[in-house]
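Below is one structure, written out as structure tokens; comments come after it.
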Amino acid sequence: MLNPAMLIAPLSIGAIGAGLAALISVTDKIVNNYGEVTININSGKKEMTVQGGGNMLNTLAEQQIFIPSACGGRGSCGECKVKVTSDIGPTLPTELPWMSSEEIKENVRLSCQIKLKEDVELEIPDYLFYIRRYTCTVERISDLTHDIKEVSMKLPQGQSIEYKAGQYMQLEAPKYGKVKEPTQRAYSMSSAPHEPARIEFMIRLVPGGIVTTYVHEHMQEGEKIDAIGPFGEFHVRDTDAMMICVAGGSGMAPFKAIFNDMIHTGRINERDCWYFFGARTAKDLFYVDWLNELQEKYERFHFVPALSEPEETDDWDGETGLITEVLDKYLKMPELANAEKEGYLCGSPGMLDACMDVMREKNDMPDEKIYFDKFG
Amino acid sequence: MKMSPQMVKAQENMQPGVITANGFLGDESAPLVDLIARDEDTMHELGVDFDDAADRLEWLLEEGRKGLGEPVTIDGSWLVKTDEARGHLPSPFEDGIFRKVNATIRRADGSRDEIRVSHLSLHLMRKYHFLQGKGSPFRIEPNTLKSVLGL
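Here you go:
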């Protein structure tokens, strides 16, 4: 039979443990209770009272103010900058990698790293007041290549979105498998603004990527998924300069949007546009028929696909070589060399760097006339 | 071996779904310090220096990037293919952020051994002697490392 005395020690220890846990909990509530704080945005243009203690990025999102954040608030994209005009202490070590000395002087801060402990005043671009979260329905998922999917989504009934061709949205993958919290990543829209009730993306599988793995392996047609936006400064400038567009892989997305928008507005007949698209083999190319059709139909549109390693079975008679080599060759042709030009780039960071080098260093295109989406 | 608070936090961040879908630990659940100690012993036995190997791998990665995603033969000895995505990954030790650039490195003589590294994995190798858990896609197996680098 169990001796009751044997229970005394464990029960006593348990009671002491429970008491300590309660004490810690109460202390935590007292010490970490920041009460209500006021956020004043753009000198009173918007003012809100919120519960303190959360990070600024998430707290603002709960108030339907969405600061761009390609990493969803993990401090790894450096996009969620806001200018703080009240004193909230010095820049944190986790912010420093993303800040120029000018920004530190101006008290620009990463909103995902700022804990709201006191009233705060900040400045953000006015357009952020119009960013919205849309709960979309996945209409269609299709394979463009072995590792790129095209995903088309319908906005909720009666809602529409206004954006510029080339801008991006943040998609939020829900919890799945071992991923314990919703995760956001930024993707360029491939849909065009004249169809405001749907949005479309091209998403390449990134090995180990949380959101791209979700899209490629778990997302189903008919499911709901949240998209926040639109964001970004990558869009066509309203000039008559020749457009030099360069992309690889899923970097095709904003250009599909841009070309369809130019067709819709008629601008495709009004300015010269060269589109260079690089791939390794023919199986990595997509939308080639459509782009060739555009080239045939519109005199001022030119499509130059290039394969770096065509296979014998590809039966390829187009340009061969790295996209940078092909770009350089064309930029030296008198028709292009003598024209006023603007560069538009979308692809991996390495491709962007290499193309910028070709445009700037080898072909004297001015820095300020080369545009790319800098998220990530 | 005792885990410091920094190691405990890093091991939490290494779980699947926190920074990457697959995490950094593969199939292993032992304390991080024990995984590191085991690999330090193996590297010592093999006579492979962490810093020297990381420097060599980083050089191969950067040379491989010149292929803009296509395989590149380097010095006639290695075949390197890099893959880049937009965005950054934070270190699980919360001590930096790294571009999503990774490289698959193998000998050009057709041997099957290969090593997959990224800017982040090289940082973890150099600073913490962490080669990732067995079963992780970015595991740097010491024997394979020695064979691929020809050390």
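Taken in order, these protein sequences are the chains called P and E. Numbering-wise (my numbering), the first sequence opens with residue 14 and increments by one. Numbering-wise (my numbering), the second sequence opens with residue 94 and increments by one. Beta carbons are placed, not taken as given, at the ideal position from N, Cα and C, and that holds for glycine.
E/His216 and P/Val192 have their C-alpha atoms spaced approximately 24 Å apart. The alpha-carbon of P/Gly264 is positioned some 23 Å away from that of P/Gly279. Residues of chain E with a Cβ closer than 8 Å to the Cβ of P/Ile223 are, in chain order, Gly110, Thr113, Ala114. Annotation: P/Glu131 to E/Met100 spans about 32 Å, alpha carbon to alpha carbon.
A Cβ-Cβ distance of about 6 Å is found for the pair E/Arg199 and E/Val241, placing them in contact under the 8 Å criterion. Listed in chain order, the alpha helix (DSSP H) elements of length 4 or more contained wholly in the region 143-202 of chain E are 143-158. Listed in chain order, the non-local C-beta contacts of E/Val126 below 6 Å within the same chain comprise Met94, Met96, Met100, local neighbours out to five positions each way being set aside. DSSP places P/Arg145 in the uninterrupted beta strand (DSSP E) bounded by 145-156.
For the region 332-368 of chain P, the full-length beta strand (DSSP E) segments reaching 3 residues or more read 354-359 along the chain.
For E/His222 and E/Asp132, the gap between their C-alpha atoms comes out near 8 Å. Interface criterion met: the Cβ of P/Ile336 is under 9 Å from a Cβ in chain E. With a cutoff of 9 Å on beta-carbon distance, P/Ser203 and P/Pro267 are scored as near each other. If you draw a 10 Å sphere on the C-beta of E/Ala196, you find 16 or more other C-beta atoms in it, and that means buried. Taking the C-beta atoms as reference points, P/Leu141 is found no nearer than 9 Å to P/Phe214.
P/Pro81 places its beta carbon 9 Å or farther from that of P/Gly222.
Counting of Cβ neighbours within 10 angstroms places P/Tyr143 among the exposed residues, the total staying below 16.
As DSSP reads the structure, P/Trp111 sits in no beta bridge. When 8 Å is used as the limit between beta carbons, E/Glu163 is near these residues of chain P: Arg293, Ser321, Glu322, Leu335, in chain order. Judged by their CB atoms, P/Leu123 and P/Met112 are nearer to each other than the 9 Å cut-off. When beta bridges are read from the DSSP output, P/His315 appears opposite P/Trp287. Under the Cβ distance rule, E/Phe186 does not count among the residues neighbouring chain P, no pair being separated by less than 9 Å. The continuous beta strand (DSSP E) containing P/Arg217 extends over residues 211-217. Across the structure, P/Glu163 and E/Gly226 are spaced so that their CA atoms are roughly 34 Å apart. The region 331-342 of chain P makes contact with the region 307-323 of chain P; the number of CB pairs closer than 8 Å reaches 3 or more. For P/Phe385, no alpha helix (DSSP H) run applies; the uninterrupted beta strand (DSSP E) run containing it begins and ends at 383-385, by DSSP. Under the Cβ distance rule, E/His181 counts among the residues neighbouring chain P, one pair being separated by less than 9 Å. Residue-level contact check: P/Met364 touches chain E, since one or more beta carbons of chain E fall below 9 Å from its beta carbon. Taking all protein chains shown into account, P/Leu135 has 16 or more neighbouring C-beta atoms within 10 Å of its C-beta and is therefore buried. Contacts between E/Arg192 and chain P, judged by CB atoms closer than 8 Å, involve Pro362 in chain order. For the pair E/Phe191 and P/Pro379, the Cα-to-Cα distance works out to about 29 Å. Per DSSP, the continuous alpha helix (DSSP H) segment holding E/Pro98 begins and ends at 98-106. The beta carbon of E/Ile129 sits closer than 6 Å to those of His222, Phe223, all from its chain and outside the five residues before and after it, given in chain order. Comparing alpha-carbon positions, the option among P/Asp251, P/Gly88, P/Met232, P/Leu340 lying closest to P/Tyr288 turns out to be P/Leu340. For P/Leu184, the three-state secondary structure derived from DSSP is strand.
With 16 or more other CB atoms across the displayed protein chains lying within 10 angstroms of its CB, P/Met372 is buried. Residue-level contact by beta carbon fails for P/Pro318 and chain E, as no gap is shorter than 9 Å.
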